[in-house]
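Structure (structure tokens):
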């Protein structure tokens, strides 16, 4: 995130009404292209209108295309989406290909405002096994235990110590041969 | 947020109260064990911006055990800020003045130096003896296991146990023990 993006709204990735799963609804409702018939800044837009616009309108029957000739004004396009969002783009001195590129960009957008993604993935079901809490994977006896607890007050038992093993061996020898028993 | 989600949030971020018995434990080694609990680094929900540390109640801090001759050799430095305000206190002197101080300083040193270090230290409760106030004892919900086993003293063995303890040899009756 750079300084120029400090005031960019942030959010999580989402899609309108599970668009694209099973069916696709184009989200671009209408597009208005304003241009001038005489000025040079609108030349690419005029070229686009002459050669490509009809084909675009035919391939996108869900989108309404408005053309507004405006005398001596810089050209622009305004896209309006199904969710009510409206996007303005200045097309001043755009070439024909650039106009086509930006129009297809407007057409394929969902209308959700451009934002900084907090995460690049999203799920509606974050967990199946349940959310962690301090008592998960804990022995249930802890819930009713009195502290200090008798077992937990001792360190983890790593088996008998050398002293304990020696005492065990000693006891075994006593059982085998009572003559080894020391006189008390 | 629905009622179940709300309760789930509370349970996930609830703070535990752990008991730690410092009887005959090395305070510096113990501090390494305790610091993840205080900062919340033992939890899967840990994040540096997420304030999820637990409370730790340390009892018997008077009975801590330092290694070797550290009681005599370890020095705590303090400076009042005024000229000639420096002072050096040996560990045994400091422990006599305040039996909680060595434990507290050890834990403070074990927690990473950052802005929430003091907040984490606020959740450390040290008691020199084994008595805890009732309002803190009622909060306890877990216990941290000590590191070192507490050996049994000779006075704690009964006469019978001492007599039956395996011996390699017996001293002769006329042997003078010094």
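Residue numbers (full-length UniProt numbering), protein chains in the order written: chain Y, 1 to 184; chain W, 1 to 178.
For each residue, glycine too, the CB sits at the ideal point set by N, CA and C.
Please read all numbers here as calculations on a predicted model, not as lab measurements.
1. If we call anything under 8 angstroms between Cβ atoms a contact, is residue 18 (chain W) one with residue 46 (chain W)?
2. Excluding sequence positions up to five away, which residues of its chain have a Cβ less than 7 angstroms from the Cβ of residue 113 (chain W)?
3. Show which residues of chain W have a CB atom less than 8 angstroms away from the CB atom of residue 170 (chain Y).
4. Which residues of the segment 35-46 of chain W have a Cβ closer than 7 angstroms to any Cβ of chain Y? Give them in chain order.
5. For the segment 110-133 of chain Y, list every residue whose C-beta sits within 8 angstroms of some C-beta in chain W, in sequence order.
6. At a cut of 8 angstroms, does the segment 61-77 of chain Y reach the segment 34-49 of chain Y through at least three beta carbon pairs?
7. Would residue 185 (chain W) count as contacting chain Y if we go by Cβ distances under 8 angstroms?
8. Would you call the segment 111-121 of chain Y and the segment 166-180 of chain Y touching, i.e. three or more CB-CB distances under 8 angstroms?
9. Fully enclosed by the segment 41-72 of chain Y, which alpha helix (DSSP H) runs are 4 residues long or longer?
10. How about the segment 120-132 of chain W and the segment 54-71 of chain W: do they share at least three Cβ pairs that are nearer than 8 angstroms?
11. The beta strand (DSSP E) with residue 35 (chain Y) in it runs from where to where?
12. Going along the chain, which residues of its own chain have a beta-carbon closer than 8 angstroms to the beta-carbon of residue 71 (chain W), five neighbours each way excluded?
13. At the level of alpha carbons, what is the spacing between residue 33 (chain Y) and residue 83 (chain Y)?
14. Establish whether the CB of residue 146 (chain W) and some CB of chain Y are separated by less than 8 angstroms.
15. Pull up the distance between the alpha-carbon of residue 137 (chain W) and that of residue 146 (chain Y), whole angstroms please.
On the basis of the coordinates in this document:
1. For the purposes of this step, residue 18 (chain W) is taken as the residue at position 18 of the second chain. For the purposes of this step, residue 46 (chain W) is taken as the residue at position 46 of the second chain. It is not a contact, given that the beta carbons lie outside the stated cut-off.
2. On the second chain, residue 113 (chain W) is found 113 positions in, with the first residue counted as 1. Excluding sequence positions up to five before and after residue 113 (chain W), its CB lies less than 7 angstroms from no other CB in the same chain.
3. For the purposes of this step, residue 170 (chain Y) is taken as the residue at position 170 of the first chain. Those within 8 angstroms of residue 170 (chain Y) in chain W are 166.
4. 44, 45
5. 131, 132, 133
6. The segment 61-77 of chain Y makes contact with the segment 34-49 of chain Y; the number of CB pairs closer than 8 angstroms reaches 3 or more.
7. Here chain W covers residues 1 to 178 and nothing more, so residue 185 (chain W) does not appear.
8. Because the criterion of three Cβ pairs below 8 angstroms is not met, the segment 111-121 of chain Y and the segment 166-180 of chain Y do not touch.
9. Restricted to the segment 41-72 of chain Y, the alpha helix (DSSP H) segments that are unbroken, complete and at least 4 residues in length are 43-51, 53-59, listed in chain order.
10. yes
11. By one-based count along the first chain, residue 35 (chain Y) stands at place 35. Residue 35 (chain Y) -> beta strand (DSSP E) spans 28-35.
12. Numbered from 1 along the second chain, position 71 holds the residue referred to as residue 71 (chain W). Excluding sequence neighbours, residue 71 (chain W) sits near 90, 91, 92, 95.
13. What you label residue 33 (chain Y) is simply residue 33 of the first chain in a count that begins at 1. What you label residue 83 (chain Y) is simply residue 83 of the first chain in a count that begins at 1. Whole-angstrom Cα-Cα distance: 20 angstroms.
14. Residue mapping note: residue 146 (chain W) aligns to position 146 of the second chain, counting from 1. Chain Y contact via Cβ: present.
15. The residue labelled residue 137 (chain W) in the question sits at position 137 within the second chain. The residue labelled residue 146 (chain Y) in the question sits at position 146 within the first chain. Cα to Cα, the separation comes out at about 10 angstroms.
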